[in-house]
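Enquirer:
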Amino acid sequence: TMKCNAEIGHERRKAMPGSRVLLVDDETVFTKNMSKLLTYRGYKVIAVNSGDAAIRELEQADFDVIVLDLKMPGMDGITLLGEWGKKSPGTAGIVMSANAELDTAVHALKMGACDYITKPFNFDVLLITIENSLRKKDLERQLDDYRTNLEKKGKEQTDIINSMYVRSIDAMIKALEAK
(Lines of atoms letter the chains of each structure in order from A; the text may use other names.)
(Lines give C-alpha, C1' and ligand atoms only; values in the text may rest on other atoms or scores of the structure.)
Protein backbone atom coordinates (compact mmCIF):
# COMPACT_ATOMS: atom_id res chain seq x y z
CA THR A 3 0.00 0.00 0.00
CA MET A 4 1.00 3.56 -0.58
CA LYS A 5 1.34 5.99 2.27
CA CYS A 6 0.14 9.53 2.38
CA ASN A 7 3.46 11.30 2.65
CA ALA A 8 4.08 14.42 4.70
CA GLU A 9 7.11 16.35 5.91
CA ILE A 10 8.13 17.60 9.35
CA GLY A 11 10.20 20.66 8.95
CA HIS A 12 11.33 24.14 9.45
CA GLU A 13 9.05 25.75 6.93
CA ARG A 14 5.39 25.10 6.54
CA ARG A 15 4.47 25.12 2.92
CA LYS A 16 1.95 27.74 1.98
CA ALA A 17 -0.01 25.17 0.22
CA MET A 18 -2.20 26.13 -2.22
CA PRO A 19 -1.50 28.79 -4.76
CA GLY A 20 0.65 27.48 -7.55
CA SER A 21 0.12 23.85 -6.62
CA ARG A 22 -0.81 21.58 -9.51
CA VAL A 23 -4.18 19.83 -9.13
CA LEU A 24 -5.53 17.00 -11.26
CA LEU A 25 -9.32 16.95 -10.99
CA VAL A 26 -10.96 13.70 -12.13
CA ASP A 27 -14.74 13.35 -12.32
CA ASP A 28 -17.09 12.14 -15.04
CA GLU A 29 -19.50 15.01 -14.30
CA THR A 30 -18.32 17.67 -16.78
CA VAL A 31 -20.25 20.55 -15.20
CA PHE A 32 -18.76 19.70 -11.81
CA THR A 33 -15.18 19.57 -13.12
CA LYS A 34 -15.62 22.86 -15.02
CA ASN A 35 -17.00 24.66 -11.97
CA MET A 36 -14.44 23.24 -9.53
CA SER A 37 -11.64 23.94 -12.00
CA LYS A 38 -12.69 27.60 -12.32
CA LEU A 39 -12.96 28.03 -8.56
CA LEU A 40 -9.59 26.36 -7.86
CA THR A 41 -7.90 28.33 -10.64
CA TYR A 42 -9.33 31.53 -9.16
CA ARG A 43 -7.75 30.51 -5.83
CA GLY A 44 -4.34 30.21 -7.48
CA TYR A 45 -4.12 26.52 -8.24
CA LYS A 46 -2.97 25.20 -11.61
CA VAL A 47 -5.77 22.80 -12.53
CA ILE A 48 -6.07 20.11 -15.15
CA ALA A 49 -9.59 18.63 -15.25
CA VAL A 50 -10.36 15.33 -16.93
CA ASN A 51 -13.50 13.21 -17.11
CA SER A 52 -12.16 9.64 -16.87
CA GLY A 53 -9.62 7.49 -15.11
CA ASP A 54 -7.86 6.72 -18.38
CA ALA A 55 -7.45 10.44 -19.13
CA ALA A 56 -6.10 10.93 -15.60
CA ILE A 57 -3.47 8.22 -16.15
CA ARG A 58 -2.37 9.95 -19.35
CA GLU A 59 -2.03 13.25 -17.46
CA LEU A 60 -0.07 11.58 -14.65
CA GLU A 61 2.31 10.13 -17.24
CA GLN A 62 2.92 13.55 -18.80
CA ALA A 63 3.30 15.81 -15.74
CA ASP A 64 3.73 15.87 -11.97
CA PHE A 65 0.84 16.95 -9.79
CA ASP A 66 0.77 17.98 -6.16
CA VAL A 67 -2.80 16.78 -5.64
CA ILE A 68 -5.24 14.49 -7.42
CA VAL A 69 -8.91 14.95 -6.54
CA LEU A 70 -10.92 12.06 -7.92
CA ASP A 71 -14.43 10.65 -7.91
CA LEU A 72 -14.80 7.01 -6.95
CA LYS A 73 -17.76 6.24 -9.20
CA MET A 74 -16.92 6.76 -12.86
CA PRO A 75 -17.62 4.73 -15.97
CA GLY A 76 -14.66 2.77 -17.26
CA MET A 77 -11.82 2.98 -14.78
CA ASP A 78 -13.32 3.67 -11.36
CA GLY A 79 -11.64 5.70 -8.65
CA ILE A 80 -10.32 2.70 -6.69
CA THR A 81 -8.57 1.35 -9.81
CA LEU A 82 -7.25 4.84 -10.52
CA LEU A 83 -5.90 5.04 -6.97
CA GLY A 84 -3.89 1.88 -7.55
CA GLU A 85 -2.53 3.13 -10.88
CA TRP A 86 -1.84 6.61 -9.52
CA GLY A 87 0.17 5.11 -6.66
CA LYS A 88 2.50 3.39 -9.14
CA LYS A 89 2.91 6.39 -11.43
CA SER A 90 2.94 9.27 -8.97
CA PRO A 91 3.46 8.22 -5.33
CA GLY A 92 4.37 11.76 -4.28
CA THR A 93 0.94 13.10 -5.25
CA ALA A 94 -1.60 13.71 -2.47
CA GLY A 95 -4.89 11.97 -3.21
CA ILE A 96 -8.36 13.14 -2.25
CA VAL A 97 -11.31 10.89 -2.98
CA MET A 98 -14.81 12.26 -3.57
CA SER A 99 -17.99 10.25 -3.59
CA ALA A 100 -21.71 10.72 -3.22
CA ASN A 101 -21.56 7.41 -1.38
CA ALA A 102 -20.79 8.07 2.30
CA GLU A 103 -20.17 4.43 3.23
CA LEU A 104 -17.42 4.06 5.79
CA ASP A 105 -16.06 0.90 4.12
CA THR A 106 -15.48 2.79 0.88
CA ALA A 107 -13.68 5.60 2.66
CA VAL A 108 -11.49 3.19 4.63
CA HIS A 109 -10.63 1.26 1.46
CA ALA A 110 -9.68 4.49 -0.35
CA LEU A 111 -7.48 5.56 2.56
CA LYS A 112 -5.79 2.15 2.62
CA MET A 113 -5.14 2.54 -1.11
CA GLY A 114 -3.19 5.73 -0.40
CA ALA A 115 -5.68 8.56 -0.40
CA CYS A 116 -4.93 11.33 2.09
CA ASP A 117 -8.58 12.19 2.61
CA TYR A 118 -12.15 11.39 1.63
CA ILE A 119 -14.99 13.86 1.14
CA THR A 120 -18.62 13.21 0.36
CA LYS A 121 -20.57 14.99 -2.36
CA PRO A 122 -22.17 17.41 -2.37
CA PHE A 123 -19.70 19.52 -0.40
CA ASN A 124 -19.01 23.16 0.24
CA PHE A 125 -16.13 24.52 -1.86
CA ASP A 126 -14.33 25.64 1.33
CA VAL A 127 -14.29 22.01 2.49
CA LEU A 128 -12.46 21.05 -0.71
CA LEU A 129 -9.97 23.91 -0.25
CA ILE A 130 -9.22 22.92 3.34
CA THR A 131 -8.92 19.27 2.34
CA ILE A 132 -6.47 20.13 -0.44
CA GLU A 133 -4.41 22.32 1.90
CA ASN A 134 -4.30 19.62 4.58
CA SER A 135 -3.35 16.94 2.05
CA LEU A 136 -0.52 19.10 0.70
CA ARG A 137 0.76 19.62 4.25
CA LYS A 138 0.62 15.87 4.92
CA LYS A 139 2.64 15.18 1.80
CA ASP A 140 5.18 17.83 2.70
CA LEU A 141 5.56 16.45 6.20
CA GLU A 142 6.11 12.94 4.88
CA ARG A 143 8.75 14.13 2.40
CA GLN A 144 10.55 16.04 5.15
CA LEU A 145 10.41 12.99 7.40
CA ASP A 146 11.85 10.80 4.64
CA ASP A 147 14.61 13.38 4.06
CA TYR A 148 15.31 13.48 7.80
CA ARG A 149 15.56 9.69 7.96
CA THR A 150 17.86 9.60 4.94
CA ASN A 151 20.11 12.30 6.40
CA LEU A 152 20.10 10.62 9.80
CA GLU A 153 21.18 7.31 8.27
CA LYS A 154 23.91 9.10 6.32
CA LYS A 155 25.16 10.90 9.46
CA GLY A 156 25.06 7.64 11.41
CA LYS A 157 27.16 5.91 8.76
CA GLU A 158 29.65 8.80 8.68
CA GLN A 159 30.03 8.69 12.47
CA THR A 160 30.41 4.90 12.42
CA ASP A 161 33.14 5.20 9.77
CA ILE A 162 34.98 7.80 11.88
CA ILE A 163 34.75 5.63 15.01
CA ASN A 164 35.94 2.55 13.11
CA SER A 165 38.86 4.51 11.67
CA MET A 166 39.83 5.78 15.13
CA TYR A 167 39.55 2.24 16.52
CA VAL A 168 41.82 0.82 13.80
CA ARG A 169 44.37 3.63 14.35
CA SER A 170 44.39 3.04 18.10
CA ILE A 171 44.90 -0.73 17.61
CA ASP A 172 47.74 0.03 15.17
CA ALA A 173 49.29 2.39 17.73
CA MET A 174 49.07 -0.27 20.47
CA ILE A 175 50.67 -2.89 18.19
CA LYS A 176 53.52 -0.50 17.35
CA ALA A 177 53.99 0.32 21.06
CA LEU A 178 54.14 -3.39 21.91
CA GLU A 179 56.59 -4.06 19.07
CA ALA A 180 58.80 -1.21 20.30
CA LYS A 181 59.20 -2.91 23.70
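Heads up: the sequence shown at position 120 corresponds to 122 in our numbering, and the numbers run straight through without jumps. Ideal placement from N, C-alpha and C gives every residue a C-beta, glycine not left out. Quantities reported herein were computed from a predicted structural model and do not represent experimental measurements.
From what residue to what residue does the beta strand (DSSP E) around Asp71 run?
Expert: Per DSSP, Asp71 belongs to the beta strand (DSSP E) from 67-71.
Enquirer: Quick one, which of Cys116, Gly87, Pro91, Lys88 has its alpha-carbon nearest Val97's?
Expert: Val97 has its Cα closest to that of Cys116, out of Cys116, Gly87, Pro91, Lys88.
Enquirer: What separation, rounded to the nearest whole angstrom, lies between the Cα atoms of Asp269 and Asp146?
Expert: Lying outside 3 to 181, the shown extent of the chain, residue 269 is not represented and no answer is given.
Enquirer: Between Trp86 and Ala100, what straight-line distance do the alpha-carbon atoms span, to the nearest angstrom?
Expert: Rounded to whole angstroms, Trp86 to Ala100 spans 21 Å at the Cα level.
Enquirer: Determine contact between the segment 150-165 and the segment 116-133, defined as no fewer than three beta-carbon pairs at a distance below 8 Å.
Expert: The segment 150-165, when compared against the segment 116-133, does not touch it at the 8 Å Cβ threshold.
Enquirer: According to DSSP, simplified to helix, strand and coil, what is Met174?
Expert: Note: Met174 maps to helix in three-state DSSP.
Enquirer: For Met174, collect the residues of the same chain with a Cβ closer than 7 Å to its Cβ; drop the 5 residues on either side in sequence, then sort them by chain order.
Expert: Counting only Cβ-Cβ distances below 7 Å, and skipping sequence neighbours, we find nothing.
Enquirer: Among Thr93, Leu83, Glu61, Lys73, which residue has its Cα nearest to the Cα of Ser21?
Expert: Checking every option, the nearest Cα to that of Ser21 belongs to Thr93.
Enquirer: Could you pull out every residue in the same chain whose Cβ sits closer than 8 Å to the Cβ of Ala63, ignoring the five residues on either side in sequence?
Expert: Result list for Ala63: Arg22, Ile48, in chain order.
Enquirer: Indicate whether Asp105 and Asp71 have their beta-carbon atoms separated by less than 8 Å.
Expert: Not in contact: Asp105 and Asp71 (Cβ atoms no closer than 8 Å).
Enquirer: Determine whether the beta carbon atoms of Asp184 and Leu136 lie at a separation below 8 Å.
Expert: Because the chain spans 3 through 181 in this model, residue 184 falls outside it and cannot be assessed.
Enquirer: So the beta strand (DSSP E) Met98 belongs to, where does it begin and stop?
Expert: 94-99 is the extent of the beta strand (DSSP E) around Met98.
Enquirer: Name the two residues that bound the continuous alpha helix (DSSP H) containing Ala56.
Expert: Element bounds for Ala56: 53-62.
Enquirer: Please list, in chain order, all residues of the same chain as Gly84 whose beta carbon is under 7 Å from its beta carbon, the five residues on each side excluded.
Expert: Hits under 7 Å: Met113.
Enquirer: Taking DSSP as the reference, what is the three-state secondary structure of Arg22?
Expert: Residue state, collapsed to three classes: strand.
Enquirer: For Lys121, collect the residues of the same chain with a Cβ closer than 7 Å to its Cβ; drop the 5 residues on either side in sequence, then sort them by chain order.
Expert: Result list for Lys121: Met98, Ser99, Ala100, in chain order.
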